[in-house]
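Asks:
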Amino acid sequence: MQAKLRVRRFDPESGDGVHYQSYVLEVPDYATVLDILLQIREELDDSLALRCSCCSAICGSCAMRINGQARLACKTKARDLAADGEEILVEPVGNMGVIKDLVADMDSFWQKARAVEPWLQPDGPPPEREYLVPHEVMRALTDVVACIMCGACVSDCTVLETELGLGKPPDQTFLGPAALAKAYRYVGDPRDAADANRLAALSRLEGIWDCTRCNFCVEVCPKGVAPMDQILALRRKAIERGYDEYLGARHTLEFEKTVRESSWL
Amino acid sequence: MKFAYWPGCSVPRQGTPELRITAAAVCDKLGIELEDLSLAPCTGSGILQARDLVYADTLNASTFAMAEDMGLPLMTICSTCQGVFSQAQKRLKEKPDYLAQINQTLEEQGMKYSGNVEVKHLLWVLVEDYGLGELKKAVVRSLTGLRVAPFYGCYLLRPSAALGFGEHPARRTCLESLIEALGADAVDFRGKTLCCGYPLVGVNDENSAAMVGTHTLEAKEKGADCMVTPCPLCHMNLDGVQPQAGEQRNTRINMPVLHLTQLIGLALGIDPPDLGFDRHAVQVKSVLEKLGL
Amino acid sequence: MLSHDVLVIGAGLAGMRAALEARRKGVDVAVLTKVHPVRSHSTQAQGGINAALGEDDSWEKHAFDTVKGSDYLGDQDSIEIFCREAPGDIIELEHMGTVFSRREDGRIAQRPFGGAAFPRTCYIADITGQVLLHVLYEQLLQAGVRVYEEWFATSLIMEDGACRGALAMEIRSGQLQAFGAKVVIMATGGLGRVYEPSTNSLISTGDGQALAYRAGAGLMDMEFVQFHPTALRNGILVTEGARGEGAYLLNSKGERFMEKYAPKMMELASRDVVSRAEQTEIDEGRGVDGFILLDLRHLGREKILERLPQIHELALDIAGVDAIDEPIPIRPAMHYAMGGIKTDVHGASLLPGLYAAGECACVTVHGANRLGGNSLLETVVFGRRTGAAAAEYVDRVSPANVSEALVSHEGDRIKTILERPDGRDSVARIRMEMGQTMNQYVGMFRTEEGLQTAAAKLAELKERYKQVGVQDKSRVFNTSLLFHLELGNMLDLAEAIALAASHRRESRGAQFRRDFPQRDDEVWLKHIVIRYAPEGPGLDYSPVSITRWQPERRVY
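Protein chains in written order, with the numbering used here: chain A, 6 to 270; chain B, 7 to 299; chain C, 33 to 588.
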């Protein structure tokens, strides 16, 4: 089939600004957008810079905005987007700087992940053998650790887009869905004993209460992590543990009171 | 055509009473019968779910049970209600044990939810059940020349896995289809599927207002005469917060925002004074003038 | 010049485990990696990691299975250490936060795997590698280890026969830098892209092996290249865990044909046996459009979605098949290099100052064929040991003092590549021809004639490589330049593999020679070590360590 791609180009060395370049080429029917980009590199233009590695949706390198939505290029079949040969728009992920072409600057992304202290903080020395944990608990956490840190959720996060649009420096913006889902992975882990500190830190400005519940992160996540669901779970836990000072928490508690007063239950 | 009708909670009742009035009027004109479920509890709006998910699902299950008891499908007039209902239904459907657990609580009140109620927003009802062809026939005042920017509301679009988009792919563009069936032009703009910022009111007003500003200004830039939304919460932000949004950017936006039912009402020949425009923060005069009213 | 006591090249599981250990021992360690750590190929490992945790299991049984799996070429002293230390390393991984799947009693669950007489493969659904990689990365963050992210090592710095650091290019800027180090740990993973197709990521280009080789380190057991039995159309892996959970392999007649080849272990025989069996069925006309069918249907929807969710998704995406209702078409594809930089049980290579761990190293615990679940284990056991050994070595060596002239010399080399005129040849074409040649002549079934053909073709490709350039002349993020440098690494390794395969006149483990179909312990119970020389590689031998298990006939 014939594929038409329109790709956002930016070369910091050239002095030209951002521009869009179109490519037309014959590709196999089952080709993914990544397959096509690699074919473009091989046959037409090897200066097109992108990140990719595993080609099987597990390394997270190839997150890009394809037709305006963040996806993994290796998991996006061209024929699903362009059954009649329409042009496919390919751009780097949103809400991040661009180093070159489709290569995003993920520094602020990694910095936010680090900010939630994403390592196990147990209380006291470990047992001689493994911690005993129910299978169901590990099973539930497996859905969250399925996150491959690809950045799709952050790319399309409404709050981040809004704040960056207001000119806020990246390190003063919303922690974002990836970092918060990662935080939940530890709050939800019975072996971790730092709940109190974590929930306190997450309940502050630009934390769990700053999510606008638009579900974009859930929609675009290629691994079914559903970051917003983890954010809601963190909210539940935060209130349960008494971290209810912050505006968002108070708002929620007032709402709950109203509902309980006017409902049958 | 008859539905168990969930008109929404106190928020739209107090904040946007024009929505209920026009919804009732539109359904009446179209011959859609509504059996009131106003005793049903609030859906939780996504907020309650952040406090106690089981409690919220129990409340929603009771609403489903009430509809089931009536033997009728359930209709909403709010994107958020629709989305919350759909997500609750999905959870209850995928985990029979969970449904059983919730039914135990319902049984104490003599209620039971078997898991089989259809829940649809009025917008979907019109496009899928009533049919746009039939709707066109009911139009007495075609909105020709009116450029309308659709604004869906997050909960009516995401997560798509819960909203039946697999079976009903047309739901992705149903608002545009309806606008066109009424004779108007649907304006394409990026913001149509984005978030209005309502959930951030009182939590982060700066962001909330910025979102309103972005979408209303974009619609304006794309030449829209007005916006239309099937969600009263979106309406409260896009309309109610629009003045602050303008101040934030040192400009006056003046983008009228209509409820879905007001737009339909205009096309069905209901007179403007009966459509509650006087309740809006942003005047709708320019729209009426364009339509020669 | 940037300088550290220990420089780890590669931030996959082995590299990060080594760095963590070195850090714990208190030395100044930094990691240099051409991709962000969580993008490393380790993330693709699906099925699990082995250890004799069970009460009815023992490290000796694990060791025997490994020795037998290796077709008796594994060094038994290394294997004993490997299997004895495994349980401790698994428990440590759990203590670090790994969310291992559990049994009813809350203990770490284990599944059966190929070549194992006892279920000892610990797992997290079918994303074991990814989870472990993220856990190690998070440990590295906590320890505050410096990571030079997206830097490509172009050559090792040698002084008086000892390794004193590396030259590397910052991919973001194209700038070259000298890294002085008292000791370098190579942990760059496998070399799958030498073959086409392969289950490996695009980044598995054997850079570490090539750099070490050119610096004078010996490469051992290069002829032993594992073909994984179950890869999808485009080479993407379907975990052995599927067979571990009970999946069947069927030919076009619907037969579980493994009965003919491995009557006792059936689908869970060792990988070389299964891969050759599949290829034989296909070659003899009992394939389905050139594939074999992997049937999961009888496992049921719940088990598939809980234990094997990733492969369910991959089968849908790539083969268009819902594994709950239909069998998955698969075929063998090149997967793992048993061979690599020869090291001792502490990770020390034949060059002072150069250590190696993980797939790029050859200790060897895998011998002529690796068992599933042992590769992930190797990364942590030998990653840890190597990190500790390197940390100790630091005290015995003076700080590196690297001449800046090396940087400008390397810069000239790269400039030459960038300035080559465009021709009709291309890096991509040379790589594809190399990959197809290797797959055809140095693959699962080899003959002397085929190996000579391969050698001649590789020699031709090396000549073409000397002339080929890149179109992209930029400095910032020039992935074409990277591919060019990687191709140079791969060609050297391809040559070594073909040479060793030709030299070994027997069949053992993953090497099957149609002209020498029997195993010959009398002559060939030894390792082939290849060392680089300007006039052509030199071959040497290294004895196999035998402690408890005398070689026997290997039947599954």
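Glycine residues also receive a C-beta, built at the ideal position from the N, C-alpha and C atoms.
Check the C-beta distance from GLY371/C over to ASP253/C and give it rounded, since I have them as a contact under 8 Å.
Replies: Between ASP253/C and GLY371/C the Cβ distance is about 4 Å, and since that is below 8 Å, they are a contact.
Asks: Nearest to ALA198/A by CA position, among GLY99/A, PHE15/A, LEU10/A, GLU122/A, is which residue?
Replies: Of GLY99/A, PHE15/A, LEU10/A, GLU122/A, the residue nearest in Cα terms is GLU122/A.
Asks: List in chain order: all unbroken beta strand (DSSP E) runs of 3+ residues lying wholly within the region 93 to 176 of chain B.
Replies: You should have 125 to 127, 153 to 156.
Asks: Can you list, in chain order, the residues of its chain whose CB lies under 8 Å from that of THR163/A, leaving out five sequence neighbours each side?
Replies: The answer, listed in chain order, is THR217, CYS219, PHE221.
Asks: Could you please tell me which residues of the region 226 to 250 of chain A, in chain order, have their CB closer than 7 Å to any CB of chain B?
Replies: Residues passing the 7 Å Cβ filter: LEU237, ARG240, ARG241, ILE244.
Asks: Please tell me whether HIS140/A has its Cβ less than 7 Å away from any Cβ of chain B.
Replies: Not closer than 7 Å to any Cβ of chain B, the Cβ of HIS140/A fails to qualify, so no.
Asks: Is it a yes or a no for the region 135 to 146 of chain C touching the region 38 to 45 of chain A, going by three-plus beta-carbon pairs under 8 Å?
Replies: They do not touch, by the three-pair rule.
Asks: Which residues in the same chain as GLU124/B place their Cβ atom closer than 8 Å to its Cβ, once the five residues preceding and following it in sequence are excluded?
Replies: Only PRO79, LEU80 meet the Cβ criterion.
Asks: Excluding the 5 residues preceding and the 5 following SER148/B in the sequence, name in chain order all residues of the same chain whose CB lies nearer than 6 Å to its CB.
Replies: Answer for SER148/B: GLY189, listed in chain order.
Asks: In the DSSP assignment, the beta strand (DSSP E) including GLU135/A goes from what residue to what residue?
Replies: From DSSP, GLU135/A is part of no beta strand (DSSP E); its letter is neither H nor E.
Asks: Using C-beta distances below 7 Å, list every residue in its chain close to VAL131/C, excluding the 5 sequence neighbours before and after it, in chain order.
Replies: Contacts found: ILE156, VAL163.
Asks: Strictly by DSSP, which residues pair up with ASP327/C?
Replies: ASP327/C is bridged to TYR280/C.
Asks: Which full runs of the beta strand (DSSP E) of 3+ residues lie inside the region 193 to 250 of chain C, going along the chain?
Replies: Qualifying beta strand (DSSP E) stretches, in chain order: 194 to 202, 207 to 218.
Asks: Rounded to whole angstroms, what is the Cα-Cα separation between GLU41/B and HIS127/B?
Replies: One C-alpha to the other measures close to 15 Å.
Asks: Would you identify the three-state DSSP class for VAL29/A, choosing helix, strand or coil?
Replies: It is a strand residue.
Asks: Please list the residues of the region 501 to 512 of chain C that have a C-beta atom closer than 8 Å to any C-beta atom in chain A, keeping them in chain order.
Replies: Going along the region 501 to 512 of chain C in chain order, one finds VAL502, GLN503, ASP504, SER506, ARG507, VAL508, PHE509, ASN510, THR511, SER512 with a Cβ nearer than 8 Å to chain A.
Asks: Identify each residue in the region 60 to 80 of chain C for which the Cβ-Cβ distance to at least one residue of chain A is less than 9 Å, and report them in chain order.
Replies: Listed by position, the residues of the region 60 to 80 of chain C near chain A (Cβ gap below 9 Å) are VAL67, HIS68, VAL70, ARG71, SER72, HIS73, THR75, GLN76, GLN78.
Asks: Bridge partners for GLN7/A per DSSP, in chain order?
Replies: BP columns for GLN7/A point to GLU31/A.
Asks: Is the beta carbon of VAL257/C closer than 7 Å to that of ALA542/C?
Replies: Result yes, Cβ atoms of ALA542/C and VAL257/C sit closer than 7 Å.
Asks: Looking at the C-beta of GLY568/C, does it have a partner C-beta in chain A at a distance below 7 Å?
Replies: No, no contact with chain A.
Asks: Based on the DSSP output, what are the partners of TRP183/C in its beta bridges?
Replies: Beta-bridge pairing links TRP183/C to GLU202/C.
Asks: Chain B partners of HIS256/A, CB-CB under 8 Å?
Replies: By Cβ distance, chain B contributes ILE53, GLY208, VAL209.
Asks: Nearest by alpha-carbon distance to TYR25/A: which of GLU91/A, CYS79/A, PRO97/A is it?
Replies: Nearest of GLU91/A, CYS79/A, PRO97/A to TYR25/A, Cα basis: PRO97/A.
Asks: Within 8 Å, do at least three Cβ pairs link the region 218 to 236 of chain C to the region 508 to 525 of chain C?
Replies: At 8 Å Cβ cutoff, the stretches touch.
Asks: How would you write the range of the alpha helix (DSSP H) that VAL192/A sits in, first residue to last?
Replies: Residues 182 to 192.
Asks: Should TRP556/C be labelled buried (16 or more other beta-carbon atoms within 10 Å of its own) or exposed?
Replies: When all chains shown are included, TRP556/C counts as buried.
Asks: Taking 6 Å as the limit between beta carbons, can you name the residues of its chain near SER92/B, skipping five residues before and five after?
Replies: Answer for SER92/B: ALA168, LEU169, listed in chain order.
Asks: Beta-carbon of ASP51/A versus every beta-carbon of chain C: anything under 7 Å?
Replies: True, the Cβ-Cβ gap to chain C drops below 7 Å.
Asks: Would you list the one or two residues that DSSP bridges to ARG478/C?
Replies: Paired residue(s): ARG545/C.
Asks: Smallest Cα separation from MET217/B: which of ASP231/B, LEU200/B, ALA30/B?
Replies: For the residues ASP231/B, LEU200/B, ALA30/B, the minimum Cα distance to MET217/B belongs to LEU200/B.
Asks: Would the region 379 to 397 of chain C and the region 178 to 197 of chain C be scored as touching if the rule is three or more Cβ pairs under 8 Å?
Replies: These segments touch.
Asks: Check the Cβ of GLY170/B against every Cβ in chain A and list those closer than 8 Å, keeping chain order.
Replies: Chain A residues near GLY170/B: none, gap ~15 Å exceeds 8 Å.
Asks: Mark LEU130/B as exposed unless 16 or more other C-beta atoms lie within 10 angstroms of its C-beta, in which case mark it buried.
Replies: Before going further, note that residue 130/B is Trp rather than Leu in the sequence given. Buried, because 16 or more other Cβ atoms sit within 10 Å of the Cβ of TRP130/B.
Asks: Okay, do the region 423 to 430 of chain C and the region 268 to 282 of chain C touch, 3+ Cβ pairs below 8 Å being the bar?
Replies: The region 423 to 430 of chain C, when compared against the region 268 to 282 of chain C, does not touch it at the 8 Å Cβ threshold.
Asks: Since GLU567/C is in the alpha helix (DSSP H), which residue starts that stretch and which ends it?
Replies: Note, GLU567/C: premise wrong, no alpha helix (DSSP H); not H, not E.
Asks: Let me know the secondary structure DSSP gives HIS265/B once reduced to three states.
Replies: In the structure shown, HIS265/B sits in a strand (DSSP, three-state: E or B).
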